[in-house]
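One structure below.
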Amino acid sequence: FNGLRVRNYAPYLSVDNFSAGIGAKIGGFEININKIGIVSNESISKIDIDAQIKVSTIIDAKGGISLVGDMTQFTQNNAWRFNRVIVNEIGIKTSFSGFDLDGSLNFYDQHAIYGNGFKGKVKLKIKFPASDIQAQAMFMSGSKDGYKYWYFDALAQLNPGIPLGGAIKLTAIGGGAYYHCYMGKSRGSMIDSNSLNKEVDYIPDPKTAFGFKAAIGLKGTGDLVNAMATYEMAFNENWGVRFIKIYGQADV
38 FNGLRVRNYA PYLSVDNFSA GIGAKIGGFE ININKIGIVS NESISKIDID
88 AQIKVSTIID AKGGISLVGD MTQFTQNNAW RFNRVIVNEI GIKTSFSGFD
138 LDGSLNFYDQ HAIYGNGFKG KVKLKIKFPA SDIQAQAMFM SGSKDGYKYW
188 YFDALAQLNP GIPLGGAIKL TAIGGGAYYH CYMGKSRGSM IDSNSLNKEV
238 DYIPDPKTAF GFKAAIGLKG TGDLVNAMAT YEMAFNENWG VRFIKIYGQA
288 DV
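Counting from 38, one number per residue, gives the positions in the sequence shown under the working numbering.
Structure follows, in structure tokens:
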């Protein structure tokens with residue numbers, strides 16, 4: 038570490054740079070601590086730890102936790118006291134026999150937009166002799182300003198596709214639902230963009246009671262046409278229809 042400072046006034050603890058590359062075996066599992074960070078202000082100090090565990094030769098797990106302590110004032114002096122442990126992220130990655138899985142779960146604590154909750158993301162790839170399926174799903178659940186919200190959004194891409202007759206193939210199937218939130222405009226949905234590299238951006242909103250959507254991807258012979266179409270419907274807080282949308286895109 039560089040620039041570690043301990044003071045008798047706030048911020049009581051600070052550090053300019055703290056890095057770690059520690060490897061060990063605990064209970065037969067290989068554990069690597071990749072990063073250690075320290076955050077401190079007038080009332081709390083937090084130690085962030087990022088680590089990776091090799092569960093087996095084909096499964097890797099990762100996670101991040103924060104150890105939080107607060108300053109307790111006594112008559113003559115102050116003392117640090119353990120407050121809580123915050124789980125920031127949990128992840129797993131594995132690959133074997135034509136099956137690839139990469140997933141993560143992030144936790145939020147008093148976030149300015151999302152409040153308290155968690156968000157997950159899973160990528161899956163299954164390989165067959167003459168085809169493969171790639172899928173991505175995202176989900177989130179939390180609470181903000183006294184109301185709860187959740188959503189999920191998923192897309193599966195089929196390669197080379199399922200013939201529908203003539204020169205058209207079904208290349209993707211997607212869908213999702215949401216409660217007390219709406220899809221933001223800052224980033225495109227992976228459903229209407231037909232891309233597994235896009236992330237869905239939903240914003241908590243108590244005025245949106247419920248919504249759902251379904252999508253399909255189509256492709257013509259020789260990649261002459263590549264299209265994605267989405268049907269979406271949402272209800273307001275009084276369960277009246279807020280909107281009905283049919284949208285999509287086509288590349289020719």
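Even for Gly, the Cβ is constructed at its ideal location relative to N, Cα and C.
Given the structure is predicted, the values throughout are model-derived calculations rather than measurements.
A contact between stretches requires three or more CB pairs, one per stretch, nearer than 8 Å, and the stretch 195-207 fails this requirement with the stretch 175-185. Beyond the five residues adjoining it in sequence on each side, F176 comes within less than 6 Å, by CB distance, of G157 and F189 in the same chain, given in chain order.
With a 10 Å radius around the Cβ and a threshold of 16 neighbouring Cβ atoms, A209 comes out buried.
When the beta-carbon positions are compared, A264 and G248 stay at least 7 Å from each other. The C-beta separation of I240 from Y219 comes to about 6 Å, placing the pair in contact by the 8 Å criterion.
Following the DSSP letters along the chain, one finds D169 inside the beta strand (DSSP E) bounded by residues D169 to K181.
No Cβ-Cβ contact shorter than 7 Å links A149 with L161.
With a 10 Å radius around the Cβ and a threshold of 16 neighbouring Cβ atoms, T258 comes out exposed. For K83, same chain residues with a beta-carbon under 6 Å away, outside a window of 5 residues either side, are V76, S103 and V105 in chain order. The bridge partners DSSP lists for D139 are K130 and K160. In this structure F144 is in contact with V124, their Cβ atoms being roughly 5 Å apart against a cut-off of 8 Å.
Excluding the 5 residues flanking it on each side, A174 has same chain C-beta neighbours closer than 6 Å at V159 and A191, in chain order. In terms of CA proximity to K99, E126 leads the group E126, I199 and A251.
By the beta-carbon neighbour count (other beta carbons within 10 angstroms, threshold 16), A252 is buried. If you check the CB distance, F155 and L138 do not come in under 7 Å. For P197, the uninterrupted beta strand (DSSP E) segment begins and ends at Y184 to G202.
Distance from the CA atom of H217 to the CA atom of K164, rounded to whole angstroms, is 37 Å. Bridge partners of F247 according to DSSP: F272. Counting of Cβ neighbours within 10 angstroms places L255 among the buried residues, the total reaching 16 or more. A buried status is given to Y186, since no fewer than 16 other beta-carbon atoms sit within 10 Å of its beta-carbon.
For W276, the closest alpha carbon among the candidates T109, D107, K130 and T245 is that of T245.
Taking a C-beta distance under 7 Å as the contact criterion, D97 and K130 qualify as a contact pair.
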